[in-house]
Structure formats: C-alpha cells, structure tokens
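Chains as they are written, first to last, in this note's numbering: chain A, 1 to 114; chain B, 1001 to 1118.
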C-alpha cells in the first residue's frame, strides 16, 4: 500500500522567514516518483518538482529547495525568504509505477503574513 | 507545455439533476485520464481511471453508477454525476497522462470544476 503523510496541517510565517514543509511516504515499490504541487486559492494545481527514487540529489530552484532522504522516506520542501504570494496549500504526492496513478498527501496550508 | 481544460469551471444545480463535466487534452492525445475529487480543506482523492475505448476503473468506495465516466476519444473524457445530491458538492479535478519534454511519464492537471448541489 502507498501512503503519503504531511503532518503539518497549517503553517503560518511572516514574510521573509524560511519555512520547511515535511513529507513522509510509504511504498513497497523500488522505483517510484515523488512530486510537490502548489494549490493557490483558485484551485488549479501547479507542478513544482518531480523526483525519481534513484536520484537523491537535492535540488534548488530559486527560493525553493527540496531534500530527498531515501533512508527516512522523506521529501521535504523548503521555501527561503517566503513571500505573501507563496500562500497556498502544498501537496506532496507519490507516483505508483504499477498502478501509474498519484497518491496525494493531505496537504499543508501555508499562510505567509506581510 | 501540455494543457488540459475542464468545462464548466463551476456549476450549481438542483438536487436530483445530473451534471456532466468535460475534460479535454488540448495539444496531446491522452489514452488515460484520471478523475479526482477534493472536498473543502481536504486532499485530492482518486475516483477513477478512465481509459480511451474501455470501461473506467473505479477506486474502492466510488459508486460507478453514480459517477459515469466516458472516454470516447483520445482527447476527451466526461464525468457525469447522476442524480446529484448536496453531499456530491465538491471540487472535481481531472488529469491526463502524458509525457514531458524528456519523455518521462507525467500527469497534466485541469483547472478543476466546482460543483454545488442545492
């Protein structure tokens, strides 16, 4: 069975603070893919990153960075110098190569205060 | 990049009526599309996997007679909520299976349809 856990339901920070969103996953697959999506109030999902299980290199894209730790089954997402526009719900998701479908975590609502 | 559209973007209907939601892949062919449902402040839950030319595969707990899925072409899948009731009010999101620029399988999401049943 596959499972994605985002233990933080809601996080509130003040602008310019750094914030880390946690994601822990469970899978029996040896090959899998992990994703992060942003869902602003409009509802449309915005793709942020995809990582495959064989690539444990951390990635940085502007103010965003991701830390993939296979040993702890975690794929955490950090926003540096947060901005009000970062306010949204963030979902971590796991792609099952067998069923070829995404399993989403429960999401973390990030509120960035000015 | 690949684009997926949904129509309508929002719909309000009376209890007992049926509502059809369309999902289209605009610039690519999608043999497989997925339908998700998202209740307020909750996660996306996969309802069914729709395959072109064959019957949809429904997730456990999803009533296939209530949520009719038709995937008659490579660019269109429809979800019909039959005899809708207030508890069916939700945000319905479709996605289409495609391949990105590096030829990796991925899912492209539509903008979602908000359904309110009165």
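Yeah, the Cβ is synthetic: ideal placement off N, Cα and C, and Gly gets one too.
Note that the structure is predicted; figures quoted are calculated from it, not measured.
- Less than 8 angstroms divides the Cβ of residue 8(A) from the Cβ of residue 21(A).
- Counting other Cβ atoms within 10 Å of its Cβ, residue 1010(B) stays below 16 and is therefore classed as exposed.
- By the Cβ neighbour-count rule, residue 1071(B) is buried, with 16 or more other Cβ atoms within 10 Å of its own.
- Listed along chain B are 1042 and 1043, each with a C-beta nearer than 9 angstroms to that of residue 106(A).
- Taking 8 angstroms as the CB threshold, residue 51(A) stays off the interface with chain B.
- By the Cβ-count criterion, residue 1012(B) is exposed, with fewer than 16 other Cβ atoms from all chains shown falling within 10 Å of its own Cβ.
- One thing to note: residue 32(A) has its Cβ within 8 angstroms of the Cβ of residue 95(A).
- Taking the Cα positions, residue 50(A) is about 6 angstroms away from residue 34(A).
- In the DSSP assignment, residue 108(A) forms a beta bridge with 90(A).
- In this structure, residue 63(A) lies away from residue 88(A), with their beta-carbon atoms at least 8 angstroms apart.
- Between the C-alpha atoms of residue 53(A) and residue 1087(B) there is a straight-line separation of about 38 angstroms.
- The Cβ of residue 44(A) sits closer than 8 angstroms to at least one Cβ of chain B.
- Taking one beta carbon from each stretch, the region 99 to 109 of chain A and the region 1015 to 1030 of chain B have fewer than 3 pairs nearer than 8 angstroms; the two do not touch.
- Residue-level contact check: residue 101(A) touches chain B, since one or more beta carbons of chain B fall below 8 angstroms from its beta carbon.
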